[in-house]
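Beneath this line is the structure, given in structure tokens, with notes to follow.
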Amino acid sequence: MNSGHTDVITPSTGIRSFQKEGHTVIWGDALEALESEVKDGSIQLIFADPPYNIGKQFANFLDRWPSDADYAKWCEKWLAICIRKLSPNGSLYVMSSTQCMPYLDLFLRDRVEIISRIVWHYDSSGVQARSKFGSMYEPILFCAKDSKNYIFNSEEIKIEAPTGSRRKLIDYRKAVPTQYSTMKVPGNAWYFPRVRYRMPEYEDHPSQKPMALMERIVLASSNPGDIVLDPFSGTFTTSAAAKKHGRNSIGIELAEEYVKIGLRRLSIQETLDGERLQSLTKNYARKNDMRKLKARNEGQMSLFHDKNQ
2 MNSGHTDVIT PSTGIRSFQK EGHTVIWGDA LEALESEVKD GSIQLIFADP
52 PYNIGKQFAN FLDRWPSDAD YAKWCEKWLA ICIRKLSPNG SLYVMSSTQC
102 MPYLDLFLRD RVEIISRIVW HYDSSGVQAR SKFGSMYEPI LFCAKDSKNY
152 IFNSEEIKIE APTGSRRKLI DYRKAVPTQY STMKVPGNAW YFPRVRYRMP
202 EYEDHPSQKP MALMERIVLA SSNPGDIVLD PFSGTFTTSA AAKKHGRNSI
252 GIELAEEYVK IGLRRLSIQE TLDGERLQSL TKNYARKNDM RKLKARNEGQ
302 MSLFHDKNQ
């Protein structure tokens, strides 16, 4: 194991936490860990991307509740705890499915200030719906505990404005005409490609969020040295973005396979219970072989048709 880290089990809950250089990985249930391991009022930024209740398989967990009402009640519990953990100037970002976000929006609007309703849109990955309009986005709520006191670093997240020409200042009588800045703060429709198998950042997770998406949120709503919390960490991209930009982080995760990813990505330790933590080995050869086989079969069918014409 690397030196300088801690590995602690809380006796009352069995929750295990690992810490090194301002970054903490907590292995346990999100609600229990939030209550027992995180101080009230201590977190400047929370990003929460919970299970969506759509039946997706995550390691040893099936993302399905008995009913939508049960799922909504569960969300209300962890959201209430998260709000309590925020500092007075803290921000909360929540992702959910298009089906479930209305429940969360209604619950949150009476407890925090909803600053922006954001859409993360992406391509369809070649999958096409045949009987309806296919879903190509996920909604994000950006909330603050106090609408008059929250962190928003607009200069840190400016992007190139997609203008076809450079306009001049309107009041040219008072100054020499100059060009408008071509940089602007992003609107609330964000395009980031989904993380794919061939991308260097890919980890073995069915709904991994892009590093660029998480960097925008971390840069916008926290400052260096602040604490960024993700109660459903998955591949720990939120924590990785926090570390990259000089923030501290707390990541909570229930599944052992994803805890291993977090420990490795954050360089907290190199082994877990004697097992060496290694990045995913990708098998590109198999996919290439399948493409070659498909091309060869198509070529053979073409020859067959030519002979029979």
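Residue numbers for the sequence shown, in our numbering: 2 to 310. A virtual CB, placed ideally from N, CA and C, is assigned to each residue, including glycine.
Between isoleucine 262 and aspartate 231, the C-beta gap is not smaller than 8 Å, which leaves the two residues out of contact.
Here the alpha carbons of proline 207 and threonine 236 stand approximately 10 Å from one another. Around the Cβ of valine 9, a 10 Å sphere holds fewer than 16 other Cβ atoms; the residue is exposed. Under the three-state reduction of DSSP output, arginine 118 falls in the strand class.
Within its own chain, the residues whose Cβ lies closer than 6 Å to the Cβ of threonine 14, once the five positions on either side in sequence are excluded, are Glu33 and Ser37, listed in chain order. For glycine 29, the number of other beta carbons within 10 angstroms of its own is at least 16, and it is reported as buried.
Contact between the region 149-159 and the region 213-228 is established, with three or more Cβ pairs separated by less than 8 Å. By the neighbour-count definition (other C-beta atoms within 10 Å, threshold 16), glutamate 276 is an exposed residue. The region 143-154 and the region 98-108 do not touch, with fewer than three beta-carbon pairs separated by less than 8 Å. Following the DSSP letters along the chain, one finds glutamate 33 inside the alpha helix (DSSP H) bounded by residues 31-38. Setting aside the 5 residues that flank it on each side, serine 280 has no residue in the same chain whose C-beta is closer than 6 Å to its C-beta. Separation of threonine 183 and alanine 162 (C-alpha to C-alpha, rounded to the nearest whole angstrom) is 5 Å. Between tyrosine 72 and histidine 122, the C-beta gap is not smaller than 8 Å, which leaves the two residues out of contact.
Here DSSP, grouped into helix, strand and coil, assigns alanine 73 to helix. Residue burial is scored here from C-beta neighbours: glycine 91 has at least 16 other C-beta atoms within 10 angstroms and is therefore classed as buried. Under the criterion of beta carbons closer than 8 Å, glutamine 20 and threonine 11 do not qualify as touching, at roughly 13 Å. With 16 or more other Cβ atoms inside 10 Å of its own Cβ, proline 211 counts as buried. A distance below 8 Å separates the beta carbons of valine 120 and asparagine 189. Looking at the DSSP output, aspartate 41 bridges to nothing. In its chain, beyond the 5 residues on either side, Thr99 have a beta carbon closer than 7 Å to the beta carbon of serine 136. In the DSSP annotation of this structure, the continuous segment of the alpha helix (DSSP H) that includes valine 260 starts and ends at 257-266.
Asparagine 249 sits buried, since 16 or more C-beta atoms from the chains shown fall within 10 Å of its C-beta. Spatial neighbours of asparagine 150 in its own chain (CB-CB distance under 8 Å, excluding positions within 5 residues in sequence) are listed in chain order as Pro89 and Asn90. The Cβ atoms of isoleucine 44 and isoleucine 269 lie no closer than 8 Å to each other.
Ranking Gly247, Thr282 and Met96 by CA distance to the CA of phenylalanine 233 puts Met96 first.
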